[in-house]
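Residue numbers (our numbering): 21 to 183.
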């Protein structure tokens, strides 16, 4: 915001930052292009900036209270959307500065499901076997709609592709 011209023909500029920058260092000015008999530039901090609240309404968050497992899981995210994460330590005195995740963001994309759980094989009769399974723990982001059941007369080995 620019003030009205003062009695010496000067102006006062007030700059207010409206973004979530927190407390930034003072502006560096270049006075090489100012003119006048007593021209000067001064930078003053009128109001100390504050970091945006860690748990503000525009962000999702969770609080980790089990200090033996320093991790958190964000669920129900939209696929194909970048999600940025930061973490701040908290104690009785307040919340410290946040550290950004490395890499700074990740994008959930559909994945193959994890393996089915509790796979059990039962002999039905002299020539029949039955296999039962439970759903995988992780669906991969889309509903599991079928299962592939394979059998062989020797133990399975991971396939290796030579290129």
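Quick reminder that beta carbons are idealized off the backbone N, C-alpha and C, glycines included.
Starting from residue i, trace the beta strand (DSSP E) both ways and give me its first and last residue.
i	result
residue 153	148-154
residue 115	114-126
residue 94	Note, residue 94: premise wrong, no beta strand (DSSP E); not H, not E.
residue 138	137-145
residue 176	Segment: none, residue 176 is in no beta strand (DSSP E) and carries neither H nor E.
residue 35	No beta strand (DSSP E) holds residue 35; DSSP gives it neither H nor E.
residue 108	103-111
To the nearest angstrom, report how far apart residue i and residue j are at their CA atoms.
i	j	result
residue 128	residue 147	45 Å
residue 159	residue 45	47 Å
residue 98	residue 80	13 Å
residue 133	residue 85	29 Å
residue 169	residue 88	39 Å
residue 167	residue 116	48 Å
residue 130	residue 118	29 Å
residue 137	residue 83	30 Å
residue 92	residue 162	22 Å
residue 61	residue 53	11 Å
residue 149	residue 140	10 Å
residue 23	residue 30	9 Å
residue 176	residue 183	22 Å
State the CB to CB distance for the pair residue i and residue j, rounded to an integer number of angstroms; the pair is presumed to be in contact (CB under 8 Å).
i	j	result
residue 94	residue 103	7 Å
residue 188	residue 155	In the structure as shown, the chain begins at 21 and stops at 183. Residue 188 is therefore absent and cannot be evaluated.
If we count the other Cβ atoms within 10 Å of its Cβ and call it buried at 16 or more, is residue i buried or exposed?
i	result
residue 75	Confidence is the limiting factor: at residue 75 the pLDDT is only 49, short of 50, which leaves the residue's position unreliable, though a coordinate-based value still follows. Classification of residue 75: exposed, given that the 10 Å Cβ count is below 16.
Minimum length 3: unbroken beta strand (DSSP E) runs contained in the region 46-71: none
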